[in-house]
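Here the structure is laid out as structure tokens; the discussion comes afterwards.
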Amino acid sequence: MYDFVVVGVGPAGARFSRRAAEDGYDVLALEKGTVGTPLACSGHVSTDVWNFTGEGARAELFQNEIYGARFHVGGPHSDAYPFYKREVASNVIDRVGLDRHLADLAREAGADVREERTVTEVTEHRDRVEVVASGPDGTVTHEAKMVAGCDGARSRVRDALGLSEPGELLHGVLAFSEENDHQDFVDVHLTAPTFFAWRIPRGEAGVEYGLAAPPGVEVTKHFEELIDGYEIDVAHRCSGAIPIGPPDRVTTRRGFLIGDAAAQTKPFTGGGILYGMTSADHAARQIDPDRPTTLAAYEHAWRDDLKREMELGHWLRRAYSFPEPVQRVGLGTLSGEIGVHMDRPTSLFSTEHLKALLSRA
């Protein structure tokens, strides 16, 4: 009988496994493939990511420093509206390497991390959960006091527990070119319907191109237009679902969701690495596998932390659908130095941002 079976060993699952194991709990973490693959997420993150990693992580994973973003209403050759900070705003990292690093930290803490295990069934009982997984040892049933669903946007655990799906699932596409690019700005294109496309320089690791949009939009067509506009050849294409809008509840009697499975993502970018790991910390602090009532404390904790950020993020997202002339006027008026944290939209009202606005005068 494990204390926790964790399904999915991405950043959220690995972080929770590590923290729970550090607290002395018996943790089994199951990953359906190899940790970190297939890649389906951007490697552009805030510098806060290093607060969740171990010693030497930056030297191992770092690819480039970013100071700001150039916003475009049109394609690659359209007018650019720069938003920037005087200090480093974000980093570009080895995204696959991050997952593997976090999984290694979970193992070092004592979690039993197993790869090539596909969870096929999750059954919740009054006093335990049963998790059936197939892998190199055949089909095995694991029993635990609780199950943590960290298995992504199309979570099997979420479905098995009868929890609601995210409010929206975007379709995201990524591809990479081999060109060296040490620029310290990313490019954001408000050309994809109701969302955006991007170009992220990764230093000697190449350049990342991406686009996300809701179902029904011809994502591949819009992505090809982006690539053609940059006149570049890309390889290593990948795609995935991006959940936006968490359901009203992410817990049951003996189960809970973290990360993309709970749609703990930024509504205005779709990024979920930092929100997922932050929520994993809340789960580790609040949940006692011997006391199912503590799941309510987890629900309150992560929502209290991220609710305002998500609500304001939804308002920012609406600006992507403004008529083009309105977007141009807005970007032209607001562009310049900023004091905004990329994971915290509430920083729009911070003293740092106010100082940056006043400095323009």
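Position 327 (the sequence shown) corresponds to 402 in the working numbering; numbering is contiguous.
We put the CB at the ideal spot given by N, CA and C, even for glycine.
Taking the C-beta atoms as reference points, Arg-145 is found nearer than 8 Å to Phe-260.
Assignment of Ile-413 by DSSP, reduced to helix, strand and coil, places it in the coil class. Trp-390 sits exposed, since fewer than 16 C-beta atoms from the chains shown fall within 10 Å of its C-beta. Counting only residues of its own chain and dropping the five nearest sequence neighbours on each side, Ala-267 has a CB closer than 6 Å to the CB of Leu-286, Ala-288 and His-297.
The Cβ atoms of Gly-118 and Gly-227 lie no closer than 8 Å to each other.
Taking the C-beta atoms as reference points, Ala-250 is found nearer than 8 Å to Tyr-284. The stretch 357 to 376 makes contact with the stretch 210 to 227: 3 or more CB pairs, one atom from each, lie closer than 8 Å. Between the stretch 102 to 109 and the stretch 177 to 187 there are three or more C-beta pairs closer than 8 Å, enough to call the two in contact. A straight line joining the alpha-carbon of Val-248 with that of Ile-319 spans about 16 Å. The count of Cβ pairs closer than 8 Å, one atom from the stretch 168 to 177 and one from the stretch 132 to 152, reaches three, so the stretches are in contact. The Cβ atoms of Ala-95 and Ala-359 sit closer than 8 Å to each other. Per DSSP, the unbroken beta strand (DSSP E) holding Trp-273 starts and ends at 272 to 276. The secondary-structure analysis by DSSP pairs Asn-255 with nothing; it has no beta-bridge partner. For Met-221, no alpha helix (DSSP H) run applies; the uninterrupted beta strand (DSSP E) run containing it begins and ends at 213 to 224, by DSSP. In the DSSP assignment, Gln-138 falls within the beta strand (DSSP E) that extends over 137 to 141. The three-state secondary structure of Gly-330, taken from DSSP, is strand.
Taking Gly-150 as the centre and dropping the five residues before and after it, the same chain places the C-beta of Gly-304 closer than 6 Å to its C-beta, in chain order. By the C-beta criterion, the stretch 229 to 244 is judged to be in contact with the stretch 189 to 197, since at least 3 inter-stretch pairs fall below 8 Å.
Proximity to Asp-335 across Ala-272, Val-263 and Leu-245 peaks at Leu-245, based on C-alpha coordinates.
DSSP places Tyr-100 in no beta strand (DSSP E); its state is neither H nor E. Partner residues in a beta bridge of Pro-290, as assigned by DSSP, do not exist. Per DSSP, Gly-347 lies in no alpha helix (DSSP H) and is assigned neither H nor E. When DSSP states are grouped into helix, strand and coil, Thr-109 belongs to the coil group. Leaving aside the five residues that flank Val-263 on each side, the residues in its chain whose CB is nearer than 6 Å to its CB run, in chain order, Ala-144, Phe-146, Phe-271 and Trp-273. Per DSSP, reduced to three states, the secondary structure at Ile-302 is helical.
Rounded to the nearest whole angstrom, the CA to CA distance from Ala-178 to Pro-321 is 25 Å. In the three-state DSSP reduction, Val-124 falls in the helix class (H, G or I).
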